[in-house]
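Residue numbers (the numbering used here): -13 to 183. From the three backbone atoms N, C-alpha and C, an ideal C-beta is built for every residue, glycine too. Given the structure is predicted, the values throughout are model-derived calculations rather than measurements.
Set out below in structure tokens:
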């Protein structure tokens, strides 16, 4: 288990993981780029349901990160730019906000609970539909043969892994962050489980 003593250590971990993923992505795209046309099939709604589900989950991560940011810090224009860019470029980009953000301090905002409930429902339905109607075997094969799916999957794993790190300063139930997206929203629904530090 990762133990974090203060915002500085959290930022060091985030920066290290972020750089590792960036360097690996560049290395993969330069030396092992493969294209099976999956991205096009996603936009044409012809992709395997599990692929489509993971793609949609990458769009829900920015919503979770934005909710977390709004409830822990006073945001500036650049902060909003980084957080909203995640909706277009993926939650991976939103991580830059947390690297530069000050030490978080939880402040409950009532309307964020409604956003959290919506986020949990959307995430749950997306995951369930992907697992029921999609093919894990097909996904694994595409992970090996298509660079977009390969990097998309690593982005997803990266964001799941850093979620407990982002929650650690404000919630003693930070390990719930390992539940993709849902684990980030839960503290905003159960206020009593949040401890400002």
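Going by CA-CA distance only, name the one from 164, 34, 60, 168 that's closest to residue 95. Cα-wise, what sits closest to residue 95 is 60.
Leaving aside the five residues before and after residue -12 along the sequence, list all residues of the same chain whose C-beta is less than 6 Å from its C-beta, in chain order. Residue placement at residue -12 is poorly supported in this model, since its pLDDT is 39, which falls under 50; the coordinates still yield a value, given next. Short of 6 Å from the beta carbon of residue -12, and not among the five residues preceding or following it, lies no beta carbon of its own chain.
Helix, strand or coil: which one does DSSP assign to residue 157? Assigned with DSSP and collapsed to three states, residue 157 falls in strand.
For residue 135, which residues from the same chain have a beta carbon less than 7 Å from its beta carbon, with the 5 sequence-adjacent residues on both sides left out? 24, 37, 128, 129, listed in sequence order.
In this structure, does DSSP put residue 26 in helix, strand or coil? Helix.
Between the Cα of residue 35 and the Cα atoms of 144, 118, 137, 75, which residue gives the shortest distance? The residue with the shortest Cα to Cα distance from residue 35 is 118.
Own chain residues within Cβ distance below 7 Å of residue 20, not counting five before or after: Excluding sequence neighbours, residue 20 sits near 131, 132, 133.
Residue 46 versus 173, 175, 168, residue with shortest Cα-Cα distance: Between residue 46 and the set 173, 175, 168, the nearest pair of CA atoms involves 168.
Any heavy atom of the ligand ATP inside 6 Å of the beta-carbon of residue 11? Summarising the ligand content, the structure contains no ligands, and the ligand ATP is consequently not present.
Alpha carbons only, please: which of 74, 97, 101, 64 is nearest the one belonging to residue 83? With distances taken between Cα atoms, residue 83 lies closest to 64.
Judging by CA-CA distance, which residue of -1, 7, 22 is the nearest neighbour of residue 140? It is 7 whose Cα lies nearest to the Cα of residue 140.
Under 7 Å Cβ to Cβ from residue 180, same chain only, skipping five residues before and after it: list those, please. The pLDDT assigned to residue 180 is 46, lower than 50, so where the model puts this residue is not dependable, and the model offers no usable value.
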